[in-house]
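Novice: Going left to right, the sequence shown walks through residues 2 to 280 as my numbering numbers them. Here it is: the structure, laid out below.
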Amino acid sequence: MLILGKEVSKQTREQLKIEVEEFKKQHGRIPCLSVIIVGEDPASQTYVKNKVLGCAEVGMKSLKYEFPNGTKQEDIADVIKTLSQDKNVDGILVQLPLPKGYDEKYLLDLIPEEKDVDGFCANNLGLLAMGTPRTISCTPFGVMKLLESTGVSLAGKNAVVIGRSNTVGKPMAMLLLNANCTVTVCHSKTQNIKEIASQADILVVAIGKPKFLKADMVKPGAIVIDVGINRVDGKLVGDVDFDEVEKKASFITPVPGGVGPMTISMLLYNTLMAAKSRV
Ligand code: GUN
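So, in C-alpha cells, the structure goes:
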C-alpha cells in the first residue's frame, strides 16, 4: 500500500495554519523563519523556494538571504549573528550542502539552539540521543509521522536504516530506537547489506543512490521508506527500485510525493514550536 506523504503533509499544514492563526491572536506577531542559501545549486534553490512557499501556505513569515558562491564566510556569519539577536525571528536555517570551501560546522554552530529549526546543532542531536528530544531534524521527524500514519505498532520491530548522515541516518536511527525498535544502521562500508536489510520489518533508505534497494533485499511485508531524491534523465527517482519493491512491501513511500512533502511540513512545525518556546 502507498504511504501518501502529500496527504499526511496536507493535514499537518491545515492544522499548523490554525495554530499559527491562534499564535498571531495571542502574541500579536507572526512566527518567522529565516532561510540562508549560498550558491546556485538547483536542487537547493528548489528546496528553499518550497520552504518559503510552505511558510506562506500556513500564514508564517519567511526571510530569504541569498549569497553568491564566493561570498566571504564572515559576511554570512554576520547575518546569522544578526538573526540570532532579532526578537522577531524564530527559526534560522542554513540550506545544505554549502558550496566547497565553507565551514559548515562553524556556521551551523552560530545558530542558537532555540532557533535551530533543522535540529542539526549538537545540543538538539544530543537531546534526541538521550531520548528527550527538543527540536527533531525535519526529514527523520517526517518519516516518523509517515510510519505513524500506517497504524502499525513500532515497538519490538527490526528497523534497518541505510545511510548514516548527521541530517537523516543518525537522527532516524535514534528516533526508531526511542520508539523501541531494534535498530541496525548500514552504510557504505557495511559488508552484508542485503542480508541485514532483508531482516527488516521497517527499512529506511537514505543514501542518495538511485534505485539502490532491490526486491531481493526486502522481507515480504516490510514497510519501506524512501528518503532519496535523485534526478535521473530529468526525472525524480528514489533510492528504492519502486516497481520491484512495491510488490513485496506492505507499505511504501513513492518518490515524489512521499517523504519530500513531509520534510517541509515538519520544518514549519519546528518553526511554530520555536516561536511558542520563545514567548
Ligand atoms: N538539505 C537537504 N535537506 C536539508 C534540510 O532538511 N535542511 C537543510 N538546512 N538543508 C538540507
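Glycine included, each C-beta is placed from N, C-alpha and C at the ideal position. A quick note: this is a predicted structure, and the numbers were derived from the prediction, not measured.
Starting from V80, trace the alpha helix (DSSP H) in both directions and tell me its first and last residue.
Specialist: Q74 to Q86
Novice: Which residues does DSSP list as the beta-bridge partners of G92?
Specialist: Paired residue(s): L34.
Novice: Is the closest heavy atom of the ligand GUN to the C-beta of V95 under 8 Å?
Specialist: For V95, the distance from the CB to the nearest heavy atom of the ligand GUN is below 8 Å.
Novice: Could you check whether the Cβ of P98 sits closer than 8 Å to any heavy atom belonging to the ligand GUN?
Specialist: yes
Novice: If you measure between the beta carbons of I194 and A223, is that distance less than 9 Å?
Specialist: no
Novice: DSSP state of N271, grouped into three classes?
Specialist: helix
Novice: In whole angstroms, give me the CA-to-CA distance for L237 and E41.
Specialist: 19 Å
Novice: Do you know offhand how far G209's Cα is from N70's?
Specialist: Looking at the two C-alpha atoms, the distance is approximately 24 Å.
Novice: Just to confirm, are V169 and A207 a CB contact at a threshold of 9 Å?
Specialist: yes
Novice: Which partner residues of V169 appear in the DSSP bridge assignment?
Specialist: Answer by DSSP bridge pairing: none, since V169 is not bridged.
Novice: What number of angstroms, rounded off, separates the C-alpha of A180 from the C-alpha of H188?
Specialist: 22 Å
Novice: Would you kindly work out how many angstroms separate the C-alpha atoms of K101 and I81, rounded to a whole number?
Specialist: 19 Å
Novice: How about G164 and V225: are their beta carbons less than 9 Å apart?
Specialist: no
Novice: In or out: L99 buried (at least 16 other Cβ within 10 Å) or exposed?
Specialist: buried
Novice: Our contact map puts S266 next to G92 with C-beta atoms below 8 Å; I'd like the distance itself, whole angstroms only.
Specialist: That belief does not hold up - the Cβ atoms of S266 and G92 are roughly 14 Å apart, past 8 Å.
Novice: For K171 and K11, I'd like the C-alpha separation in whole angstroms.
Specialist: 27 Å
Novice: Just the C-alpha distance for D1 and S35, rounded to the nearest angstrom, thanks.
Specialist: Here the chain covers residues 2 to 280 and nothing more, so residue 1 does not appear.
Novice: With respect to 8 Å, is the separation between the Cβ of F24 and the closest non-hydrogen atom of the ligand FAD below this value?
Specialist: By its list of ligands, the structure shown excludes the ligand FAD, since it contains just the ligand GUN.
Novice: Should V21 and I31 be called a contact, given that it needs their Cβ atoms to be closer than 9 Å?
Specialist: yes
Novice: DSSP puts T183 in a beta bridge; with which residues?
Specialist: N159
Novice: DSSP puts I224 in a beta bridge; with which residues?
Specialist: For I224, the pairing in a beta bridge is given by DSSP as I203 and F252.
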